[in-house]
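Asker: Protein chains in written order, with the numbering used here: chain A, 5 to 131; chain B, 56 to 241. Where is the CB? At the ideal position from N, CA and C, for every residue including glycine. Take this structure first; my questions come after.
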Amino acid sequence: MNNVKVAQAIQAGQVSRQPIEMEDPTFLPGSLHTAYARMTVSPTGISCTIELYLSLDGGITKKATTTPIVFTSTGAIQDVTLPLTMPAVYGNYGVFVDFYVAGTLYGLYQATANVVIPSVTPPVITW
Amino acid sequence: MQDPEFLSGSQHTAVVKLAVNPASLSCSIELYLSVDGVTKAVTSGEVNFLSTGVQQSILIPITSPLVQAAYGVYLVILVNDQVFGIYKAAENAVIGAADIRLVSLAATQEIHLGEPITIYIEAENFGTIGGVRTFDVGVVAGIVGIQIISLAVTPQVILGESVFIDIGVQNFGDTAGSKTFDVYVN
Chain A
5 MNNVKVAQAI QAGQVSRQPI EMEDPTFLPG SLHTAYARMT VSPTGISCTI ELYLSLDGGI
65 TKKATTTPIV FTSTGAIQDV TLPLTMPAVY GNYGVFVDFY VAGTLYGLYQ ATANVVIPSV
125 TPPVITW
Chain B
56 MQDPEFLSGS QHTAVVKLAV NPASLSCSIE LYLSVDGVTK AVTSGEVNFL STGVQQSILI
116 PITSPLVQAA YGVYLVILVN DQVFGIYKAA ENAVIGAADI RLVSLAATQE IHLGEPITIY
176 IEAENFGTIG GVRTFDVGVV AGIVGIQIIS LAVTPQVILG ESVFIDIGVQ NFGDTAGSKT
236 FDVYVN
C-alpha cells in the first residue's frame, strides 16, 4: 500500500495510527542513526516488514526512510534494527512506522515525539 | 576584510553572529587560533548558550598567542553536544609585536636659572603592530639644581609613526648651566 493510499485509508477511518513512545531527539542534518523497534510477533516464523520514516506532512511525503526492512518473527521479544539517514533540511519531523505481517498491513504508528533537525546560519565573526 | 592584527598575549573578544533553529537548543561555540588547523595555539574553550531561533551575538573572549604568526581562526559549533559544524574564517588573525625604540635625543641642555624648558626625545615603532613602551629618564651629569619636573614616558606608538616624549626640566640652582639626561628603555 503506498503512502497516499495509507493516508486516504486513515482519512476514511479504515485504519488509524497508534502512538509509539519515543524520546524527543535532536539529530544533525545528514547524520546516520539507528532506531530499535522492540516488539513481539507471534507465532514464530512469520515474514514481517517494517519501515520507519520521517515526514513533515503527516506521513504522506517521506523525507527520510529506512525503506521496508524484512525480518522473521521469533515469537518472543525482538529488536529490529532500523538505520536511518536524517534529512539534510531543518525541520520538526514526525516519526512514522508502517508494519506489515505476511504482506498484509498490520499497523500504522506515529511516535509521540518528533525528530528535530536543527539549522545554523553561517557564523560571522567581528572583533 | 583585512586580516585583524593583535598584540601578542593581548585580550580580545570575538563577537560571533549566528542563528540556530529551533529555539532553546543547548549549544556551544569554541573559537581557536591555529597555524596548521590541527594544533590549537589558543582557545576560548566552550562557550555555552541557548539558541533563540533568531540571529544572536555570542561573545567569545580569547587571549592572543605569544608567538608572532598568521593564525587561522576556527569555530566549532555544537548543538545538543553534537558537532554541528567546524568553520574557518576567511581572514587570519595576525599576531605582531611593537618594537619601539628611541631615535633621537637632545639630552644635554643649557638651562638658565629659573627658566623651565622642555627636552624632547623621539620614539619610533619599528615593529609590526602598535604598542606601548615605557622609558625612564635619569640624570647622568650636570650642575646641581636642575631637576625633572614633568615626564610623559609611556607613549602609545602607532605602527610606522613616531612620537615625541616631553621632559620638563627646571633649574632650581643658583647658577645657569647644563645637565645631561639619559633615557633608559625598560
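Could you give the distance in angstroms between the alpha-carbon of V122 (chain B) and the alpha-carbon of S83 (chain B)?
Answerer: Between V122 (chain B) and S83 (chain B), the C-alpha separation is close to 27 Å.
Asker: In whole angstroms, give me the CA-to-CA distance for E263 (chain B) and Q66 (chain B).
Answerer: Here chain B has residues from 56 to 241 only, and residue 263 (chain B) is not among them.
Asker: Which of the three DSSP states is assigned to A117 (chain A) in this structure?
Answerer: Coil at A117 (chain A), not helix or strand.
Asker: DSSP three-state call for F139 (chain B): helix, strand or coil?
Answerer: F139 (chain B) falls in the strand class under three-state DSSP.
Asker: State the start and end residues of the unbroken beta strand (DSSP E) segment that holds V99 (chain A).
Answerer: Segment 95-105, the beta strand (DSSP E) holding V99 (chain A).
Asker: Does the stretch 145-158 of chain B come close enough to the stretch 104-113 of chain B that 3 or more CB-CB pairs lie under 8 Å?
Answerer: Taking 8 Å as the limit for Cβ pairs, the verdict is that the stretch 145-158 of chain B does not touch the stretch 104-113 of chain B.
Asker: Should G98 (chain A) and S59 (chain A) be called a contact, given that it needs their Cβ atoms to be closer than 7 Å?
Answerer: For G98 (chain A) and S59 (chain A), yes; Cβs fall inside 7 Å.
Asker: Determine, using beta-carbon pairs with one atom in the stretch 113-129 of chain B and one in the stretch 108-123 of chain A, whether at least three such pairs fall under 8 Å.
Answerer: The stretch 113-129 of chain B vs the stretch 108-123 of chain A: no contact.
Asker: By a C-beta neighbour count over all protein chains shown, 10 Å radius and 16 as the cutoff for buried, is S99 (chain B) buried or exposed?
Answerer: Answer is buried; the Cβ neighbour count reaches 16.
Asker: Examine chain B for any beta-carbon lying closer than 7 Å to the beta-carbon of S123 (chain A), and answer yes or no.
Answerer: Yes, its Cβ sits closer than 7 Å to a Cβ of chain B.
Asker: Looking at C-alpha atoms only, which residue of A:I54, A:T78, A:T44 is the closest neighbour of P87 (chain A)?
Answerer: Here the closest residue by C-alpha is A:I54.
Asker: Roughly how far, in whole angstroms, is the beta-carbon of T108 (chain A) from the beta-carbon of I24 (chain A), given that I think they are within contact range, below 8 Å?
Answerer: Actually they are not in contact, since the Cβ atoms of T108 (chain A) and I24 (chain A) sit about 20 Å apart, beyond 8 Å.
Asker: Checking 7 Å against the spacing of the C-beta atoms, do F100 (chain A) and G63 (chain A) come in under that value?
Answerer: Yes, these two residues count as a Cβ contact at 7 Å.
Asker: To the nearest angstrom, how far is it from the Cα of V119 (chain A) to the Cα of A124 (chain B)?
Answerer: If I take the Cα positions, the gap works out to 44 Å.
Asker: Using the three-state DSSP reduction, which class does T108 (chain A) fall into: helix, strand or coil?
Answerer: If DSSP states are grouped into helix, strand and coil, T108 (chain A) belongs with the strands.
Asker: Enumerated in chain order, which unbroken segments of the beta strand (DSSP E) with a length of 3 residues or greater are wholly contained in the stretch 108-156 of chain B?
Answerer: Qualifying beta strand (DSSP E) stretches, in chain order: 110-118, 124-134, 137-143, 148-151.
Asker: Name the DSSP beta bridge partners of M43 (chain A), please?
Answerer: Bridge partners of M43 (chain A): A:Q82.
Asker: Can you check DSSP and say which residues form a bridge with A68 (chain A)?
Answerer: DSSP, once it has assigned bridges, lists A:L58 as partnering A68 (chain A).
Asker: What are the start and end residues of the beta strand (DSSP E) that includes G185 (chain B)?
Answerer: From DSSP, G185 (chain B) is part of no beta strand (DSSP E); its letter is neither H nor E.
Asker: Quick one: grab the DSSP three-state call for A178 (chain B).
Answerer: A178 (chain B): strand per DSSP, three-state reduction.
Asker: Put K95 (chain B) into one of helix, strand or coil per three-state DSSP.
Answerer: Reduced to three states, the DSSP call for K95 (chain B) is coil.
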